[in-house]
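Quick notes on the structure that follows.
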Amino acid sequence: EAGVAQSPRYKIIEKRQSVAFWCNPISGHATLYWYQQILGQGPKLLIQFQNNGVVDDSQLPKDRFSAERLKGVDSTLKIQPAKLEDSAVYLCASSLFGQSREQYFGPGTRLTVT
Amino acid sequence: AQSVTQPDIHITVSEGASLELRCNYSYGATPYLFWYVQSPGQGLQLLLKYFSGDTLVQGIKGFEAEFKRSQSSFNLRKPSVHWSDAAEYFCAVVGSYNTDKLIFGTGTRLQVFP
């Protein structure tokens, strides 16, 4: 079984530029999550999708961050414009909602904003 | 609000020694608790989880954890550490029964000396 795929693995941009991250969850997983992990901290949930609907985006900075999950499969997270404090690892995870609550994580995208 | 505290930022042990990583949570009802491991450049891998029942939970790679309601703790243990166990370990709790949102601790970095 293929795991959660993310791309790119690394990205370096200047502040005020835009960037997009892509995630493809495990086949059949209806729930998809985006987490932000700042160095030295645990991951923090940015947004949770159930199929193509948003379940929780309470901690998503909506003035600069956006996410979509068209067709309820893969997802894109965008930052525009980026700030220095957005430097972090962005993790995507997927799960079968309501079943064991186990989330499977992708390798992450390390973003550096200069 | 739910929270997770991992009081040890960094732990160093010798290979073959026993290990205990501490985790304390704040949650009103019986929590869903998890331990994840993150190796450098990798996503998070689930070690074990507790939902209900037996308070001593066995996981992968020889790890176990014990849920103690009276102490609001879910400490991770391993009787004999291997050099390959060097990684970052995160304790997490599900935020509520209506969501799969994970609240993570800040992590404990484990270093293993030969």
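If you read the sequences in order, they're chains U and F.
Reminder that position 104 of the first sequence reads as 285 in the numbering used here, one-by-one numbering, no gaps.
Reminder that position 106 of the second sequence reads as 711 in the numbering used here, one-by-one numbering, no gaps.
Using N, Cα and C, we set each Cβ at its ideal position, and we do this for glycine too.
Quick caveat: nothing in here was measured; it's all calculated off a predicted structure.
For residue i, is the classification buried or exposed, using 16 other Cβ atoms within 10 angstroms of its Cβ as the cut-off for buried?
{"i": "P719 of chain F", "result": "exposed"}
{"i": "L649 of chain F", "result": "buried"}
{"i": "A248 of chain U", "result": "buried"}
{"i": "I228 of chain U", "result": "buried"}
{"i": "T635 of chain F", "result": "exposed"}
{"i": "G617 of chain F", "result": "In the sequence as presented, Gly is not what sits at residue 617 of chain F; that position holds Thr. Exposed, since its Cβ has fewer than 16 Cβ neighbours within 10 Å."}
{"i": "R250 of chain U", "result": "buried"}
Quick check on this structure: which residue in the options has the alpha carbon closest to the alpha carbon of residue i?
{"i": "L638 of chain F", "options": "F:R714, F:T713, F:F672 and F:I616", "result": "F:F672"}
{"i": "E669 of chain F", "options": "F:P684, F:Q676 and F:Q611", "result": "F:P684"}
{"i": "G667 of chain F", "options": "F:S677, F:D659, F:L681 and F:G658", "result": "F:L681"}
{"i": "I194 of chain U", "options": "U:L265, U:G184 and U:Y285", "result": "U:L265"}
{"i": "Y655 of chain F", "options": "U:G287, U:S239, U:E283 and U:K225", "result": "U:E283"}
Determine whether the Cβ of residue i lies closer than 8 angstroms to any Cβ atom of chain F.
{"i": "G234 of chain U", "result": "no"}
{"i": "P189 of chain U", "result": "no"}
{"i": "D237 of chain U", "result": "yes"}
{"i": "P288 of chain U", "result": "yes"}
Are the C-beta of residue i and some C-beta of chain U separated by less than 8 angstroms?
{"i": "G664 of chain F", "result": "no"}
{"i": "G658 of chain F", "result": "no"}
{"i": "Y637 of chain F", "result": "yes"}
{"i": "G633 of chain F", "result": "no"}
{"i": "G667 of chain F", "result": "no"}
Check the Cβ of residue i against every Cβ in chain F and list those closer than 8 angstroms, keeping chain order.
{"i": "P224 of chain U", "result": "L649, F695, L707 and F709"}
{"i": "F246 of chain U", "result": "Within 8 angstroms Cβ-Cβ: nothing; F246 of chain U doesn't reach chain F, min ~17 angstroms."}
{"i": "L272 of chain U", "result": "G648 and L649"}
{"i": "S275 of chain U", "result": "Neighbours of S275 of chain U on chain F: none; closest Cβ ~10 angstroms, over 8 angstroms."}
Could you tell me which chain F residues have their CB closer than 7 angstroms to the CB of residue i, listed as they occur along the chain?
{"i": "E283 of chain U", "result": "L651 and K654"}
Original post:
Are at least three pairs of beta-carbons, each pair with one atom in the segment 689-699 of chain F and one in the segment 207-215 of chain U, less than 8 angstroms apart?
Top reply: no
Original post:
For the segment 707-718 of chain F against the segment 611-627 of chain F, are there 3 or more C-beta pairs whose distance is under 8 angstroms?
Top reply: yes
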